[in-house]
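Heads up: the structure comes next, in structure tokens.
Chains as they are written, first to last, in my numbering: chain A, 255 to 445; chain B, 69 to 314.
So, in structure tokens, the structure goes:
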């Protein structure tokens with residue numbers, strides 16, 4: 255790449271020189287090493303002259319990875335009296351490669367006291383949760399918010415999808431009544 | 069088995085058995101993103117070499133105790149298909165394949181920002197469909213493209229090329245016959261922006277001066293391969309954009 259500053263919208267690959275740090279602050283998709291800013295992904299350059307910032311808009315798949323604070327979607331793998339294990343398949347709106355496991359503890363289910371984990375979720379349910387910690391090699395999750403909790407629940411007796419009535423759900427096929435910690439948009443989420 | 073030497077490897081004009089000059093690469097064809105199910109993929113044809121690379125990740129590490137708490141674990145499997153060589157190769161991983169998996173992994177690691185994805189693994193699968201000498205270099209060239217295609221942040225692409233000594237001449241990018249019947253082979257992997265060599269191996273015997281010349285020659289080869297890699301990435305993503313326009 256020539257010495258002159260890069261233009262916006264240019265196609266770059268990893269390792270392409272974008273400028274020096276005196277010219278630009280390195281934004282997403284770039285890195286700075288020894289005073290020079292390089293691209294770290296394949297994409298097009300995006301130069302913000304106002305803030306003197308250079309970033310690379312990706313043309314490749316965006317790698318998503320759960321971080322503390324991100325909202326994730328997952329399927330309940332296993333429920334015990336105090337914990338539930340989630341198989342995280344989506345971070346925000348993006349599906350991830352493979353999956354990650356997360357743990358939801360009963361103390362993080364809702365702001366109030368919850369006595370029984372089986373009244374929160376059941377195996378097979380789809381849940382939305384927030385990552386609150388990544389200590390001890392696992393993602394710790396929380397559903398203590400209106401928009402967090404079960405988004406799709408299945409009857410534990412017949413496996414039918416459960417329509418919602420308040421905090422309770424009644425199976426339309428076998429009339430079993432079950433309790434869940436539901437999200438505000440229960441049953442309306444596109445998976 | 070008696071060694072048959074029907075033909076000289078290099079004639080008096082300095083032309084090699086496949087018609088190349090001493091400092092010429094074999095023709096290289098690179099393709100990016102040809103597999104649907106892998107997160108990233110690449111294919112390389114270098115002379116008669118045909119190699120396919122697939123990448124998965126970053127994903128959860130299994131078994132869990134192998135996870136590294138501050139960075140991603142890079143895993144690599146170099147494998148030769150049973151039909152890749154003249155005499156059927158057992159599909160089980162050989163000593164050589166284990167070694168190549170390790171050196172390829174270590175050659176790529178400095179180029180990848182592994183710190184971004186702690187406790188995950190990035191898995192690299194290299195499948196040699198047809199081998200004709202210099203597969204570790206061709207694999208590396210394709211593997212760095214597959215990683216770029218998977219959107220994994222990297223300092224730079226890694227280019228790799230070998231140089232060697234054949235019948236007293238120093239030659240670039242040896243093919244299978246030259247590798248087996250020549251005196252020495254020296255593969256090099258090179259990261260352009262860091263100007264760093266991340267793989268340097270050698271078999272055979274050369275003098276100290278020849279060694280230096282060979283290293284420089286191999287790096288020159290890498291410098292010729294690097295623009296081809298960029299071109300391959302461009303070809304894929306620019307072509308995709310034009311398709312969308314229509």
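Idealized CB from N, CA, C, for every residue including glycine.
All values reported here derive from a predicted model rather than from experimental measurement.
Inter-residue Cα distance where the pair is residue i and residue j
i: residue 304 of chain A; j: residue 262 of chain A; result: 13 Å
i: residue 199 of chain B; j: residue 230 of chain B; result: 15 Å
i: residue 215 of chain B; j: residue 108 of chain B; result: 6 Å
i: residue 210 of chain B; j: residue 397 of chain A; result: 43 Å
i: residue 351 of chain A; j: residue 295 of chain A; result: 17 Å
i: residue 191 of chain B; j: residue 329 of chain A; result: 24 Å
i: residue 381 of chain A; j: residue 406 of chain A; result: 7 Å
i: residue 258 of chain B; j: residue 442 of chain A; result: 52 Å
i: residue 134 of chain B; j: residue 172 of chain B; result: 19 Å
i: residue 268 of chain B; j: residue 236 of chain B; result: 21 Å
i: residue 342 of chain A; j: residue 379 of chain A; result: 12 Å
i: residue 376 of chain A; j: residue 387 of chain A; result: 23 Å
i: residue 256 of chain A; j: residue 132 of chain B; result: Its pLDDT being 45, under 50, residue 256 of chain A is placed unreliably by the model, and the measurement read from it follows with that caveat. When rounded, the distance between both Cα atoms is 46 Å.
i: residue 384 of chain A; j: residue 293 of chain B; result: 45 Å
Interface flag, residue i vs chain A, CB-CB below 8 Å
i: residue 187 of chain B; result: yes
i: residue 132 of chain B; result: yes
i: residue 255 of chain B; result: no
i: residue 159 of chain B; result: no
i: residue 261 of chain B; result: yes
i: residue 217 of chain B; result: yes
Neighbour-count burial assignment, residue i, 16 or more Cβ in a 10 Å radius
i: residue 151 of chain B; result: exposed
i: residue 276 of chain B; result: exposed
i: residue 309 of chain A; result: buried
i: residue 127 of chain B; result: buried
i: residue 401 of chain A; result: exposed
i: residue 160 of chain B; result: exposed
i: residue 322 of chain A; result: exposed
i: residue 207 of chain B; result: buried
i: residue 169 of chain B; result: buried
i: residue 243 of chain B; result: buried
i: residue 336 of chain A; result: exposed
i: residue 212 of chain B; result: buried
i: residue 423 of chain A; result: buried
i: residue 394 of chain A; result: buried
i: residue 83 of chain B; result: exposed
i: residue 193 of chain B; result: buried
Cβ distance (whole Å) where residue i is taken to contact residue j below 8 Å
i: residue 284 of chain A; j: residue 292 of chain A; result: 7 Å
i: residue 101 of chain B; j: residue 304 of chain B; result: 5 Å
i: residue 90 of chain B; j: residue 252 of chain B; result: Actually they are not in contact, since the Cβ atoms of residue 90 of chain B and residue 252 of chain B sit about 14 Å apart, beyond 8 Å.
i: residue 129 of chain B; j: residue 187 of chain B; result: 7 Å
i: residue 85 of chain B; j: residue 77 of chain B; result: 6 Å
i: residue 189 of chain B; j: residue 140 of chain B; result: 6 Å
i: residue 222 of chain B; j: residue 179 of chain B; result: 5 Å
i: residue 204 of chain B; j: residue 260 of chain B; result: Contact doesn't hold; Cβ gap of about 19 Å is too wide.
Boundaries of the alpha helix (DSSP H) in which residue i is found, first to last residue
i: residue 276 of chain A; result: Where residue 276 of chain A is concerned, there is no enclosing alpha helix (DSSP H), given that its DSSP letter is neither H nor E.
i: residue 143 of chain B; result: Looking at the DSSP string, residue 143 of chain B is not in any alpha helix (DSSP H); the run it does join, the beta strand (DSSP E), is 141-148.
i: residue 205 of chain B; result: 203-217
i: residue 173 of chain B; result: 163-176
i: residue 247 of chain B; result: 244-249
Min CB distance residue i to chain B below 8 Å
i: residue 313 of chain A; result: yes
i: residue 316 of chain A; result: yes
i: residue 339 of chain A; result: no
i: residue 269 of chain A; result: yes
i: residue 286 of chain A; result: no
Residue i CB to nearest heavy atom of the ligand SAM below 7 Å
i: residue 429 of chain A; result: With respect to the ligand SAM, the structure shown offers nothing to examine, as it has no ligands at all.
N- and C-terminal bounds of the beta strand (DSSP E) containing residue i
i: residue 385 of chain A; result: 380-387
i: residue 188 of chain B; result: 188-198
i: residue 433 of chain A; result: 431-433
i: residue 238 of chain B; result: 237-240
i: residue 241 of chain A; result: Residue coverage of chain A in this structure runs from 255 to 445, which leaves residue 241 of chain A outside it and unanswerable.
i: residue 154 of chain B; result: Note, residue 154 of chain B: premise wrong, no beta strand (DSSP E); not H, not E.
i: residue 113 of chain B; result: 108-114
i: residue 292 of chain A; result: 290-293
i: residue 331 of chain A; result: 325-333
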